[in-house]
Amino acid sequence: MAKIKTTKTEQSVSDFIKEVESETKRDDSRRLIDMMTQLTGEKPYMYGPGIVGFGSYHYKYASGHEGDAPLAGFSPRKAAISLYVAPDIPEKEKWVEKLGKCKAAVACIYIKKLDDIDEDVLKKMITASIKHVKNMYPS
């Protein structure tokens, strides 16, 4: 079985954020860190070279593939900020419709900046995602 490349690292979150080119993305990253710390009750850590994660869970699929992933996380990428949520949150489409200016993929929500979305809806969506993951993969 292939080794999982994206894992928790000892890289400094604050050093990572300082290196983000866009001042807006740096500021939004700090706001997301505050938000996700509050929602998860966990301190941020680097997950791979570019994802800020909070908390963790262990998953195992029917195929036998297993690993660890953050309960919540984001990555301030050049094109957009990627917000990581459970792919199968109940009523995900409803959350996305209410969120504001964003694009959704299976397990990511892409935003240009936090001011484009409703942060209260984002908080509810992240909370729903965390609850769903904890129900699917109890520790």
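In numbering that gives the first Met the number 0, the protein residues as written are 0 to 138. Even for Gly, the Cβ is constructed at its ideal location relative to N, Cα and C.
Coil, strand or helix - residue i by DSSP
i	result
D67	strand
S138	coil
S128	helix
S81	strand
Option nearest residue i by Cα separation, candidates the options
i	options	result
Y118	A79, G99, P69	Sequence inspection shows Glu at residue 118; the Tyr mentioned does not correspond to that position. Of the listed residues, the one whose Cα sits closest to E118 is G99.
T39	A71, K17, A79, H57	A71
Neighbourhood of residue i by C-beta, 6 Å cutoff - its chain only, sequence neighbours within 5 removed
i	result
M35	F53, A71
K77	none
Beta carbon proximity, residue i to chain C, threshold 7 Å
i	result
N134	Absent from the structure: chain C. Only one protein chain is present.
Cutoff 7 Å; reference residue i; Cβ partners in own chain excluding five residues on either side
i	result
M0	Residue placement at M0 cannot be trusted, given a pLDDT of 47 that sits under 50; what the coordinates show is reported in the next sentence. Cβ within range, chain order: n/a, list empty.
Cβ-Cβ separation, residue j to residue i (assumed contact under 8 Å), whole Å
i	j	result
L113	D27	5 Å
P75	K130	At roughly 25 Å, the Cβ-Cβ gap does not stay under 8 Å, so P75 and K130 are not in contact.
Nonlocal neighbours in the same chain, by C-beta distance under 8 Å from residue i, ignoring five residues either side
i	result
V12	I32, P43, Y44, M45, V51
P48	T8, Q10
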